[in-house]
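**Student:** Let me begin by handing over the structure; questions about it come next.
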Amino acid sequence: MKKQFKRKTTADICKMVTDIVIEGLEKDICPWIKPWESASIGGTPKNYKSKREYHASNKIVLTSIMMSKGYEHNYWVTFKGAKDLDGNVKKGEKGYPVIFWKFIEKTKIDDNGEEVTKTIPMLKYFQVFNISQCEGIELPKKPKKKKQGALKPIKDAEIVVKNYLEREKGLTLKIQEGNRAYFNKNDDLIVSPTMRQAVNEMKKHGQTANDGKQHYYSTLFHEMVHSSGTEERCNRDTIKNFNFFGDHEYSKEELVAEIGSAILCAKVGLTSERVMENTTAYCKSWAKKLKSEPKWIVWAGGQSEKAVNYILNEKENK
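Residue numbers (our numbering): 109 to 426.
In structure tokens:
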């Protein structure tokens, strides 16, 4: 078993984690359009013992599993971790991969006879289990929902937008009546429809005004993630080459913006699930793209988290 673990290549591991997301997408489950803090999936995926969040693509993969399996708890453990907690994994339960990069230094003699050290990144993984798959472990009590004014998370969202715009002096936000939101990289300009439009649209779907406001910020966060990719910010190739709707770079950049927006929503407490005009078509489209590009989830997970850290002016998680 250990030998098989060591033999897996980066491509093998990327395909393994991407297949999990694709399986969910083919069941109309998309982990980046449902808030990670929603009660039905327990919250953001975390390690049970350390209470630390899983980051980047691990957040996406474990969320997809939580949604598809209906796990009510967001805590995960390794096989050994379950034993350390005086419990064990139930017989027959399947583990899921958490990936990490391991950097190996290799030294060789170059053509000039000089010793050169090269750092080589290697993708590795280990298996984790949701605590719902375990027995003998005390399950955490779900925190009671805080009673708070409906606009509190909206205020938190507005603070994120305001702080980002104040820090990025060249970036402009234009709110106007219109039928689309977008980022114009040439003018360093974000254009967004009004909050009133978002509210009216969500009411058509039977949702509340507060749901509409949350959708407004979700859309705005999406465009802010796009804006973070410019050369002077996160320097993402996908935004520099972001030209034509539907092309290769467009799709990669859209995935970063979708995931980044979802992370920002979770950070500020937005809880309204996004309404899609055709969820099935949306999910099937991403499933098709990821089947042909199995490394995208790993790449986009890292890039989206880097974008979020930049927008929030936080240090990057290791």
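Backbone N, C-alpha and C define an ideal beta-carbon position, used for all residues, glycine too.
What residue does the beta strand (DSSP E) around serine 412 start on, and which one ends it?
**Tutor:** Going by DSSP, serine 412 is part of no beta strand (DSSP E) but of the alpha helix (DSSP H) stretching over 404-419.
**Student:** Hey, quick one: how far does the beta strand (DSSP E) through isoleucine 217 stretch, first residue to last?
**Tutor:** 204-217
**Student:** Go through its chain and collect everything with a Cβ distance to methionine 392's Cβ below 8 Å, but skip five positions before and after it.
**Tutor:** The question names methionine, yet the displayed sequence has lysine at residue 392. Once the five neighbours on either side are set aside, the close Cβ partners of lysine 392 are Leu133, Glu134.
**Student:** Look up glutamine 315 in the DSSP assignment and say whether it is helix, strand or coil.
**Tutor:** coil
**Student:** Whose C-alpha, out of Ala190, Glu362, Lys396, Arg344, is nearest the C-alpha of threonine 126?
**Tutor:** Lys396
**Student:** Can you check whether the CB of glutamate 361 is closer than 8 Å to the CB of histidine 334?
**Tutor:** yes
**Student:** Nearest-angstrom Cα distance between tyrosine 272 and isoleucine 419?
**Tutor:** 6 Å
**Student:** Quick one: is lysine 277 buried, meaning 16 or more other Cβ sit within 10 Å of its Cβ, or exposed?
**Tutor:** Lysine 277 comes out exposed.
**Student:** Would you call leucine 170 buried or exposed, if buried means 16 or more other Cβ atoms sit within 10 Å of its Cβ?
**Tutor:** buried
**Student:** Could you tell me which residues DSSP pairs with valine 185 in its beta bridges?
**Tutor:** Phe237
**Student:** Should proline 153 and asparagine 182 be called a contact, given that it needs their Cβ atoms to be closer than 8 Å?
**Tutor:** yes
**Student:** So what's threonine 388 in DSSP terms, helix, strand or just coil?
**Tutor:** helix
**Student:** In the DSSP assignment, find the unbroken alpha helix (DSSP H) run with threonine 118 in it and report its ends.
**Tutor:** 118-133
**Student:** Quick one: Cα of tryptophan 404 to Cα of isoleucine 228, how far?
**Tutor:** 20 Å
**Student:** By how many angstroms is the C-alpha of isoleucine 137 removed from the C-alpha of alanine 389?
**Tutor:** 12 Å
**Student:** Just curious, the beta strand (DSSP E) that lysine 282 is in, first and last residue?
**Tutor:** 280-283
**Student:** What three-state label does DSSP hand serine 165 in the structure shown?
**Tutor:** helix
**Student:** Relative to the alpha-carbon of tyrosine 204, which residue among Glu180, Ile168, Lys210 has its alpha-carbon at the smallest distance?
**Tutor:** Ile168
**Student:** In whole angstroms, what is the alpha-carbon distance linking glutamine 256 and lysine 249?
**Tutor:** Low confidence applies to glutamine 256: its pLDDT is 46, below 50, so where it sits in the model is not reliable, and the reading given next is rough at best. So the alpha carbons of these two residues sit roughly 20 Å apart.
**Student:** Using a Cβ-Cβ distance cut-off of 8 Å, determine whether valine 406 contacts chain B.
**Tutor:** Checking the listed chains, one finds no chain B in this structure; it contains a single protein chain.
**Student:** Short of 8 Å in beta carbon distance, which residues of its chain neighbour lysine 434, apart from the five on each side in sequence? Order them along the chain.
**Tutor:** As displayed, the chain neither begins before 109 nor continues past 426, which places residue 434 out of reach and without an answer.
**Student:** To the nearest angstrom, how far is it from the Cα of glutamate 285 to the Cα of aspartate 192?
**Tutor:** 57 Å
**Student:** In whole angstroms, what is the alpha-carbon distance linking alanine 258 and alanine 119?
**Tutor:** Confidence at alanine 258 is low in this model, with a pLDDT of 47, below 50, so the placement of that residue should be treated as unreliable; the coordinate-derived value is given next. Cα to Cα, alanine 258 sits roughly 45 Å from alanine 119.
**Student:** Spatial neighbours of glycine 410 within its chain, please: CB distance less than 8 Å, with the 5 preceding and 5 following residues excluded, ordered by chain position.
**Tutor:** Ala164, Ser165
**Student:** Specify the secondary structure class of asparagine 196 as computed by DSSP and reduced to three states.
**Tutor:** It is a strand residue.
**Student:** Helix, strand or coil for serine 336, going by three-state DSSP, please let me know.
**Tutor:** Looking at serine 336 - three-state DSSP - the assignment turns out to be coil, as it is neither helix nor strand.
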